[in-house]
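J.: Going down the list, the protein sequences come from chains A and B. Under the working numbering, the first residue of the first sequence carries the number 190, and numbering increases by one thereafter. Under the working numbering, the first residue of the second sequence carries the number 45, and numbering increases by one thereafter. We treat Cβ as the ideally placed atom computed from N, Cα and C, and that holds for glycine. Note that the structure is predicted; figures quoted are calculated from it, not measured.
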Amino acid sequence: MSTMHFHLRLWKQKSATDQGEFIEIDAKEIPSECSFLEMLDIVNNRLTREGKEPVSFASDCREGICGTCHMVINGVPQGPGRGAACQVYMRKFSNGQTITVEPYRVGAFPIVKDLVVNRSAYDRIIRSGGFISEHTGGAPDASATLIPKPVADAAMDAAACIGCGACAAACPNSSAMLFVGAKVTHLGLLPQGQAERKKRARSMVRTMQEEGFGNCSNYYACEAVCPAGVKADVISMLNREYIRGELSEAVGAID
Amino acid sequence: MILDAKIPEGPLEKKWTSFKNNAKLISPANKRKFKVIVVGTGLAGSSASATLAELGYQVETFCFHDSPRRAHSIAAQGGINAAKNYQNDGDSIWRLFYDTIKGGDFRAREANVYRLAEVSGNIIDQCVSQGVPFAREYGGQLTNRSFGGAQVSRTFYAKGQTGQQLLLGAYSALSAQIGLGRVTMHENSEMLDLVLVDGHAKGIVVRNLITGEISTHAADTVLLCTGGYSNVYYLSTNARGSNVTATWRAFKRGAAFANPCYTQIHPTCIPVAGDYQSKLTLMSESLRNDGRVWVPKKKGDSRLPQEIPEEERDYYLERKYPSYGNLAPRDIASRSAKEVCDEGRGVGPGGLGVYLDFSAAIGRLGEKTIRERYGNLFEMYANITGESAYERPMRIYPAVHYTMGGLWVDYNLMSTIPGLHVLGEANFSDHGANRLGASALMQGLADGYFVIPNTLGEYLSTQFGKKVSTDMPEFKKTETEVRARVEKLLAVKGTVPVDEFHRLLGLIIWNECGMARSEAGLKKAISDVRALRERFWKEVAIPGTGVELNQSLERAGRVADFLEFGELMCVDALTREESCGGHFRVEHQTADGEALRHDDKFAEVYAWMFKGEGNDPELVREELKYEAVHLATRSYK
Ligand SMILES: Cc1cc2nc3c(=O)[nH]c(=O)nc-3n(C[C@H](O)[C@H](O)[C@H](O)COP(=O)(O)OP(=O)(O)OC[C@H]3O[C@@H](n4cnc5c(N)ncnc54)[C@H](O)[C@@H]3O)c2cc1C
Ligand code: SF4
Ligand code: FES
């Protein structure tokens, strides 16, 4: 098996209040077949053997579905290519290349340590309306409502969001509109989601603003980095739904 | 100790209904007074938390992930079973029940499995009403695919991301309840011990992974929904963080651990490529609907797959199991792959691989259809291996995937510790010695949405006026013990990274307690695990402190528990002197190499009780009574 060599610039920061700085590491003899996170594992285990503190980074599934991993690789949130940081492979880099790894820089995602940030703002947005209110046991037979395949497929494409936060990290305004739009589109397309449609968009957008995310000014950097391939159309859908929600509220049609 | 499964009286088909008719109810006013701790937010934990909160209980939910949505369930690909019979292909509750019992090689409890099949349809209804975008036909009906061990199409799916969509459904229900203030959610919180008061589970000790703070939490009952222990093998298809700590700590407090040696090796995973590898990637079983498994007939054939003519290929599953073919159950498909590789007919690096070939399906259905069905899996495969499965067959090899063993529970999902309930993959209850594909998602959601809301009253109705608080000495004492364990880990100050110990443990368990197990091998594994454990406590390196995010410390705690648990697994495998399902003892096989069960001795659950450090665990048995089905030799020929 062939090996490669990289020059790494890794962000170290003890805590949210700490200054933080890049450390420089020569990563030698990295198997060319390994993934980016496996390369970081190797580096961390070497640091550990030398009695130094490894660089903290988050990951879990390592197959691009859980949304745990999050970092900016050479300026790109979630790294080069499609997919999450855990799906980046070293063979995509050239031998000897300098690679800079830093955390997401989003005000609403405070830094926890090194490359790890706190993305709980996204959970709070969902809690404010990103669901269909129902209660277990009260559901009608699943076949009672027919949902044409194109509608089901479009809902699925929006539902594929892994909640990784790369959209906000890529956006010059730190907007979370791709994330919010994905959920509003997923539920808004389905017949089950109609009852709360207007209220949902309105409350999610309000929470998004309260959390300190910016607005969309059509850069589409979010779409470019989204590992789940969520399309920017969901933002147009969100804008429509939000305006409808505001109007309905103005005339007293929702509380 | 006698294990009482508390199975309701009456005929199999009536047990669950009669249970529900006679179950102890807790009035709405009283539900508000009871507090429930749920550990875990996978399918089991999220669905249970949401449903119990809807019912009015005070719920506190914990997970070690930074968001409940990231639980390992998110990674399930292929689908979820339900006996809806929308395809009109002869499916029924009975058939799903029977397939599951048979798939489990007649080592599961009839009553539990029947209940699972019974509620399976409700799960699909529930998920659809939450907005889970299951795959549909052009006319709008739900569509199905087939999974191993079944001759009907009963698997519902959402692309190759079924687990993600089901978990996001449960997560949205949970989020709604958190938003309403009915569930208190604790993320980044790892349960490190269980607190018992008068022998009842009444709380937990938790470490905050971000701050290192250790705290105690009290409740009227505790639900463990903490997933499986596949990562004892280090390399598995499970997420990196999946671990045995919660159930192992409960074991050490008195919960019996059942059938730990029942583990599932999944036949279709991307083969291991090197030492640096941190996990293995599953290629969903659904691929076997359209992929054909083969190896060259000749040993050491180094030609490219496309250069090997049809007559020189051995489609060994189709040959050996003509009626199920490529859809033979997992344990059988995995063992067959190992056999052909052991014969020297494996393909790819090290000869540890077999082909999964889609060319016939692409010819029949067109590339577009295949892309639609499996596009994301093909992409994942290409990303990892650099090869396109549209152009050449995938190379696959078995990998550890799921654990059927788990904490012993009765029909009410309560463990041998009163008040401790166990749901989802963490319990042992429904899959016997082998789980059928698409049945884990079904079980996790059945337990959380439909079983525990009905069975919890059996325990809680005995707990009026028995409130506990974290001021009690039991809480303080357990907390002190947890602190001491964390300190002890930090005090080792060795030089060997945690991962190294985990990898070595994985190798021991994979080699001796993997696809084939022998008496000599298991004995050796037990002594090797002990030696490794000793080394760990002398040499492990954990830089940093305990009062911050310290990922080495997190992992060290989990590996320390795996190092103890691995031994129990091997002890169980050694004691079960038969082959059944995923447990294959080389001493017990038929002339043509199939698993040989010994029903006269082993139609029993083996549950192990902790008897103090340094002492052998005690074996207690639950006899499996088959009243509705006839114990038969499994045949998929
Ligand atoms: C790659 C893959 C694909 C699969 N595909 C399918 C499929 O197609 N169909 C199918 O039916 N099954 C499938 N399975 C199996 C299935 O996904 C799992 O068995 C199931 O999701 C387990 O759910 P669970 O709720 O029991 O646990 P998990 O989803 O594992 O959740 C465990 C939870 O417990 C928490 N936790 C664990 N320990 C602690 C602790 N000490 N303290 C605090 N929190 C803790 C975690 O944070 C997490 O929230 C697949 C499995 C894998 C690995
Ligand atoms: S929309 Fe895309 S980038 Fe944003 S959180 Fe979801 S998956 Fe990540
Ligand atoms: S680790 Fe799960 S998406 Fe990267």
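Taking a contact to mean a Cβ-Cβ separation below 7 angstroms, would you say T105(B) touches S117(B) in this structure?
T.: No, Cβ-Cβ distance for T105(B) and S117(B) is not below 7 angstroms.
J.: For the pair the stretch 641-653 of chain B and the stretch 594-605 of chain B, tell me if three or more CB-CB distances fall below 8 angstroms.
T.: These segments do not touch.
J.: Where does F191(B) sit, in a helix, a strand or coil, going by DSSP?
T.: DSSP places F191(B) in coil when its eight states are reduced to three.
J.: From D330(A) to Q170(B), what does the alpha carbon distance come to, in whole angstroms?
T.: Distance between the alpha carbons of D330(A) and Q170(B): 9 angstroms.
J.: For ligand 1, is there a heavy atom less than 6 angstroms away from the beta-carbon of L87(B)?
T.: L87(B) Cβ: within cutoff of ligand 1.
J.: Taking Y130(B) as the query, report the chain A residues whose CB atoms sit under 9 angstroms from its CB, ordered along the chain.
T.: In chain order: A331 and S332.
J.: Measuring CA to CA, which of D110(B), V163(B) and F78(B) is closest to T61(B)?
T.: The shortest Cα separation from T61(B) among D110(B), V163(B) and F78(B) belongs to V163(B).
J.: Output, in sequence order along the chain, the residues in the stretch 185-203 of chain B whose CB is closer than 8 angstroms to any CB in chain A.
T.: Listed by position, the residues of the stretch 185-203 of chain B near chain A (Cβ gap below 8 angstroms) are Q185, L186, A202 and K203.
J.: Taking contact to mean at least 3 C-beta pairs separated by less than 8 angstroms, is the stretch 237-247 of chain B in contact with the stretch 207-227 of chain B?
T.: At 8 angstroms Cβ cutoff, the stretches do not touch.
J.: Measuring from the CB of L593(B), is there a heavy atom of ligand 1 at a distance below 6 angstroms?
T.: L593(B): no, Cβ never under 6 angstroms from ligand 1.
J.: Within 10 Å of its beta-carbon, does D312(A) have 16 or more other beta-carbons around it, so buried, or fewer, so exposed?
T.: D312(A) comes out buried.
J.: Mind checking who P416(A) pairs with in its DSSP beta bridge?
T.: Paired residue(s): none; P416(A) is not in a bridge.
J.: Which word fits I440(B), buried or exposed, when buried means at least 16 other C-beta atoms lie within 10 angstroms of its C-beta?
T.: So I440(B) ends up on the buried side.
J.: Grouping DSSP H, G and I as helix and E and B as strand, with all else coil, what is D474(B)?
T.: Reduced to three states, the DSSP call for D474(B) is coil.
J.: May I ask which residues mark the beginning and end of the alpha helix (DSSP H) holding A217(B)?
T.: Segment T206 to G223, the alpha helix (DSSP H) holding A217(B).
J.: Taking buried to mean at least 16 other C-beta atoms within 10 Å of its own C-beta, is M613(B) buried or exposed?
T.: M613(B) should be labelled buried.
J.: Report yes if the CB atom of D401(B) is closer than 7 angstroms to the CB atom of P437(B), and no otherwise.
T.: Closer than 7 angstroms, so yes.
J.: Taking beta-carbon pairs under 9 angstroms, can you tell me which members of the stretch 298-328 of chain B lie near chain A?
T.: Residues passing the 9 angstroms Cβ filter: A317, G318, D319, Y320, Q321, S322, K323, T325 and L326.
J.: Might you give, ordered along the chain, the residues of its own chain that have their beta carbon closer than 8 angstroms to the beta carbon of G588(B), omitting 5 neighbours on each side?
T.: N594, S596 and L597, listed in sequence order.
J.: Would you list the one or two residues that DSSP bridges to W652(B)?
T.: The partner list for W652(B) (beta bridge, DSSP) reads F301(B) and L663(B).
J.: State yes or no: is the beta carbon of P416(A) nearer than 7 angstroms to at least one beta carbon in chain B?
T.: Taking Cβ atoms only, chain B never reaches closer than 7 angstroms to P416(A), which makes this a no.
J.: Going by beta carbon distance, what residues of the same chain come within less than 6 angstroms of Q381(A), once the five residues before and after it are set aside?
T.: Around Q381(A): I321.
J.: Would you give the residue range spanned by the alpha helix (DSSP H) that D143(B) belongs to?
T.: First-last of the alpha helix (DSSP H) with D143(B): I137 to G147.
J.: Closer than 6 angstroms by C-beta to I461(B): which residues in its own chain qualify, once you throw out the five before and the five after it? Chain order, please.
T.: Correct list, in chain order: A245, G298 and A299.
J.: List, in order along the chain, the chain A residues whose C-beta lies closer than 7 angstroms to that of Q208(B)?
T.: Correct list: I254.
J.: So with Cβ pairs under 7 angstroms, would you call R294(A) a contact of chain B?
T.: No, no contact with chain B.
J.: Is there contact between the stretch 559-572 of chain B and the stretch 288-296 of chain B, where contact requires at least three CB pairs shorter than 8 angstroms?
T.: Because the criterion of three Cβ pairs below 8 angstroms is not met, the stretch 559-572 of chain B and the stretch 288-296 of chain B do not touch.
J.: Cβ of P220(A) within 7 angstroms of Cβ of G392(B)?
T.: Their beta carbons are not under 7 angstroms apart, which means P220(A) does not touch G392(B) by this criterion.
J.: Residues in the same chain with beta-carbon distance under 7 angstroms from N40(B), minus the five sequence neighbours each way, listed in chain order, please.
T.: Nothing can be reported for residue 40(B): it is not among the residues displayed for chain B, which extend from 45 to 681.
J.: Below 7 angstroms between beta carbons: does that hold for R429(A) and K323(B)?
T.: It is not a contact, given that the beta carbons lie outside the stated cut-off.
J.: State the DSSP-derived secondary structure class of F508(B), mapped to helix, strand or coil.
T.: Looking at F508(B) - three-state DSSP - the assignment turns out to be coil, as it is neither helix nor strand.
J.: DSSP state of D330(A), grouped into three classes?
T.: D330(A): coil per DSSP, three-state reduction.
J.: If you scan the stretch 82-119 of chain B from start to end, which runs of the alpha helix (DSSP H) of 4 or more residues do you find wholly inside it?
T.: Entirely contained in the stretch 82-119 of chain B, the alpha helix (DSSP H) runs reaching 4 residues are, in chain order, 87-99.
J.: Do you know how far the Cα of N404(A) is from the Cα of C360(A)?
T.: In a straight line, the C-alpha of C360(A) is about 9 angstroms away from that of N404(A).
J.: From what residue to what residue does the alpha helix (DSSP H) around R180(B) run?
T.: That residue, R180(B), is in no alpha helix (DSSP H); it is neither H nor E in DSSP.
J.: Just the Cα atoms here: how many angstroms apart are P315(B) and L551(B)?
T.: Whole-angstrom Cα-Cα distance: 15 angstroms.
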